[in-house]
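Notes follow the structure.
There are 4 protein chains.
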Amino acid sequence: MTDQSVSQGEHRIGPIWHTPPVARTKPADERREELLDAAEASILERGITATTVDHVTTGAGVAKGTFYLYFKTKADVVAAVQRRYNDRFVEQLRRAIAAAGDDWAARLDACVEAGLHDHQAERRLHDALFLHTRPEPGPDLDDALDDLVGVFRDLLVEGVAAGAYDVADVDTTAVLLFNTLHGVYDPIWLGARTPDEPRLVAAARTIYRRSVGLPDGP
Amino acid sequence: MTDQSVSQGEHRIGPIWHTPPVARTKPADERREELLDAAEASILERGITATTVDHVTTGAGVAKGTFYLYFKTKADVVAAVQRRYNDRFVEQLRRAIAAAGDDWAARLDACVEAGLHDHQAERRLHDALFLHTRPEPGPDLDDALDDLVGVFRDLLVEGVAAGAYDVADVDTTAVLLFNTLHGVYDPIWLGARTPDEPRLVAAARTIYRRSVGLPDGP
Amino acid sequence: MTDQSVSQGEHRIGPIWHTPPVARTKPADERREELLDAAEASILERGITATTVDHVTTGAGVAKGTFYLYFKTKADVVAAVQRRYNDRFVEQLRRAIAAAGDDWAARLDACVEAGLHDHQAERRLHDALFLHTRPEPGPDLDDALDDLVGVFRDLLVEGVAAGAYDVADVDTTAVLLFNTLHGVYDPIWLGARTPDEPRLVAAARTIYRRSVGLPDGP
Amino acid sequence: MTDQSVSQGEHRIGPIWHTPPVARTKPADERREELLDAAEASILERGITATTVDHVTTGAGVAKGTFYLYFKTKADVVAAVQRRYNDRFVEQLRRAIAAAGDDWAARLDACVEAGLHDHQAERRLHDALFLHTRPEPGPDLDDALDDLVGVFRDLLVEGVAAGAYDVADVDTTAVLLFNTLHGVYDPIWLGARTPDEPRLVAAARTIYRRSVGLPDGP
DNA sequence: TATGAATGAGTGTTCATTCAT
DNA sequence: AATGAATGAACACTCATTCAT
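Residue numbers (this note's numbering), protein chains in the order written: chain A, 1 to 218; chain B, 1001 to 1218; chain C, 2001 to 2218; chain D, 3001 to 3218.
The following block contains the structure:
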């Protein structure tokens, strides 16, 4: 920050840059996104509680006050980061299901894989965001996050309607099966012994398939 | 407050009380337990982050400094409360399984019921402890909490050995199925639409049974 | 907001409006007055300290930067508002005295009434301006405000010259009697027990009359 | 605070004081009073708004946190300082009246003198406290300050009862005459031309005496 | 003339932890 | 063992002011 430590002894008058000190103003969307990125990076690095507004602004290369031009409070950015993560994930899940074609077993498998096959960074972000030092959930967040379960519920509803799945209580089962994957990497439960991804995928696939009345099959 | 104004003028030698001035000192275990209780109550009421050492000592009726005679840091008590909760839960789970007798389906059901049928207060404590504003997990905590999954893993191992369950990867499945229940009440995912307990139990029972290759039926 | 997205592809040269794009610029006096009005309104509503430059510019419907085209600092507007209030009051006092005709007792009474019979809003503004959270007075302000006492001093001087009033030290008495009325509504001194106006007028009239050697009588 | 600038070059290990670093704990009353003194001094020097909690604690030679052991907020100390000032003043006024004996004219004069004859510092404190940047009055403050007018009202009531004073509306007159003195030194009204004390006393005495129907005379 | 994004110093308040008694 | 006064680093948020456009 104060690393511009001008090497003493150099005789100078006036400003040191010959290039202008950077464009002062940016499209609002871009600025907001940069702040969001910085917040996400900091949360990933230190967790929500340990992240300070200063970390965010420094990371985004803006002054402190700028933060409050785009977010009302610290809790506000955190919620925005969560929402953004969630939206990305929902999209990913939707795409995975669509890519699986018409095979109902394959669609189910796709959910499992999409749920477990996160990049390392994504997964750590997920944990930081939803497992560690999480702020009280607000109504705003609730709606956004419900989508996630909703995607899975929709799949079950369609599968049942198509006669492919055998599920009595779709709503509740969706919640439970979603839960099976969510937080599975949470270090608090697994310590150092996190099962590796292939095993997790295999075991989860079995649970999912059997739970909707499909055979384990290939 | 500082009214120790001893009535002046009265001539006296030696202490004035014939009964000891109250047992200022208590068995260490008792004190520790009281602090733990106070911490638990406060966490239940306001969550981990919002709980201060002051809340704990006030709740336990001791001076602030006393806290540090029994715990090294705030994080230390929190971990202790978590451990205590976990131990209670493990015990409860073990008892439920034992009470189910030799019926492997009943044993599985017992796990589901024990996992979901918490008292309201217990459940809120669970959420406060493990879902909201949770501190970074330490190695110490890991071991303790692993027990919980361990109980379930043991059941699967035995069931498989007895030829009653059909599970390929016991370790991983234990983690996943445990996960299915844990956090299912988490308001962040469900908002106001938490399914009621009977439906949860029914749906979870189906998932559990099917996942180990048992039929739904009672 | 940043939707100035000019429809691309349309080929055009030169400006598109034939009517000027709204009078962006106003007579300086008008703008200044609008800012002053906005400042006054905000001060009336929240007091000086709580009033921000943002409140003023928003109230005046201009951008923040515009403020600094008309005033050097926040303290500057506040002083201007004070000066404006003062000028209005001086004028009012002068008119009241003039309207009282040649009767020296009536003239004195007129001062009392003018001093106490403010509209509710005016009085609240007065208090906000001169009683609550007032900034340090500057030399600039002093001169302007001195007028107010000056009006009253002039009356005394003339009254004494005419042999109607009996006052030894006119200058000092003017300050004191002015003071008698000023701030009399100040809630800090009166709490909820502010005397009602008729009683205040009656009592103040008596003080004023007796102080210059006139009888109470009408 | 960081004035322990150890003269560099002196070779030393360990602490620098041979006398213990000052008693860490003090009687609560004393500490509170010291904080109050520091707050008063800072208010006197810079005014209420410009006074920071840091100024207060530095002035009292304690850490920032200590402040909040004795006062709930900054507004709280300010109110306490005001109350303390007020109490001192009320006491002073009471004593002055009592010292005047049975002479009703002398008692009135005593009020005038007590009201005007402040030490320079006291007067500046009064202004800082009650004239500049004053916080919103609370019910707590109201009561305390009402005492001041109350003292004067009591005098009028007794004087009227004794047949010495001729005042129709005692309550209102008390407020007005109190007001005549309060704030008379306010620089906002007088600029550099503050009348000197002897003249103020003389003129005010005349106003007071005449207002209660007494002759000017010695 | 007018704009409004950007700045960054400033401040009240909290709270885990220490330590002299 | 027990106390509780004292500490001080940390942090979210505000707002007057600037300046490139």
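C-beta: ideal position from N, C-alpha, C; glycine also. Remember, predicted model here, so these are calculated numbers, not experimental data.
Between I1048 of chain B and V1090 of chain B the beta-carbon gap is near 21 Å, outside 8 Å, which marks them as no contact. The beta-carbon distance between V175 of chain A and V212 of chain A, rounded to whole angstroms, is 14 Å. This is too long to meet the 8 Å contact definition. Rounded to whole angstroms, the Cβ separation of D3169 of chain D and A2203 of chain C is 5 Å, and the two are in contact under 8 Å.
Distance from the CA of D1196 of chain B to the CA of L69 of chain A, rounded to the nearest whole angstrom, comes to 43 Å. Residue range K74 to A99 is occupied by the alpha helix (DSSP H) that includes Y85 of chain A. Taking one beta carbon from each stretch, the segment 3056 to 3075 of chain D and the segment 3031 to 3046 of chain D have 3 or more pairs nearer than 8 Å; the two touch. Taking D3037 of chain D as reference, the option from D:T3025, D:Q3082 and D:T3180 with the minimal CA-CA separation is D:Q3082. The beta-carbon distance between I2097 of chain C and L2155 of chain C, rounded to whole angstroms, is 6 Å. This is short enough to meet the 8 Å contact definition. Comparing C-alpha distances from Y1085 of chain B to each of B:L1125, B:A1105 and B:L1116 shows the shortest one belongs to B:L1125. Against chain C, the beta carbon of A3039 of chain D has no neighbour under 8 Å; the closest one sits roughly 17 Å away.
Straight through space, the alpha carbons of V3053 of chain D and T3025 of chain D are spaced by roughly 20 Å.
For W3104 of chain D, the CB contacts under 6 Å within the same chain, skipping 5 residues up- and downstream, are G3159 and A3164 in chain order. Nearest CB-CB separation between A2202 of chain C and chain D: below the 8 Å threshold. Shown here is that no member of the segment 3077 to 3104 of chain D has a Cβ falling below 8 Å from a Cβ of chain C. Contact annotation: in the segment 1170 to 1183 of chain B, residues whose CB is within less than 8 Å of a CB in chain A are D1171, T1172, T1173, V1175, L1176, L1177, F1178, N1179, T1180, L1181, H1182 and G1183. Proximity of chain B to A168 of chain A at the Cβ level (cut-off 8 Å) is accounted for by A1202, A1203 and T1206, in chain order. Among the CB atoms of chain A, one or more fall inside 8 Å of the CB of S1211 of chain B. In the three-state reduction of the DSSP assignment, V2053 of chain C falls in the helix class, which pools H, G and I.
Taking C-beta atoms as the reference points, T58 of chain A and F67 of chain A fail to come closer than 8 Å.
Using a CB distance cut-off of 8 Å, T1049 of chain B counts as an interface residue toward chain A.
DSSP places H2182 of chain C in the coil class of the three-state scheme, outside both helix and strand.
Sequence-distant Cβ neighbours of V2151 of chain C in its own chain, meaning closer than 7 Å and more than five residues away, are V2090, L2093 and R2094. Under the Cβ criterion of 8 Å, R3153 of chain D is not counted among the residues facing chain C. For A3039 of chain D, the enclosing alpha helix (DSSP H) has its first and last residue at A3028 to R3046. For R107 of chain A, no Cβ of chain B is located within less than 8 Å of the residue's own Cβ.
If you look at F1067 of chain B, you'll find it in the alpha helix (DSSP H) that goes K1064 to Y1070. Per the coordinates, the alpha-carbon of A2099 of chain C lies some 30 Å from the alpha-carbon of L3181 of chain D.
Using a Cβ distance threshold of 8 Å, E113 of chain A and V201 of chain A count as a contacting pair. At the C-beta level, L1108 of chain B and R1209 of chain B come within 8 Å of one another.
One thing to note: A3162 of chain D has its Cβ no nearer than 8 Å to the Cβ of L3044 of chain D. Look at R1199 of chain B: its C-beta is under 8 Å from a C-beta on chain A. Residues of chain A whose Cβ lies closer than 8 Å to the Cβ of P1215 of chain B do not exist; the shortest such Cβ separation is about 11 Å.
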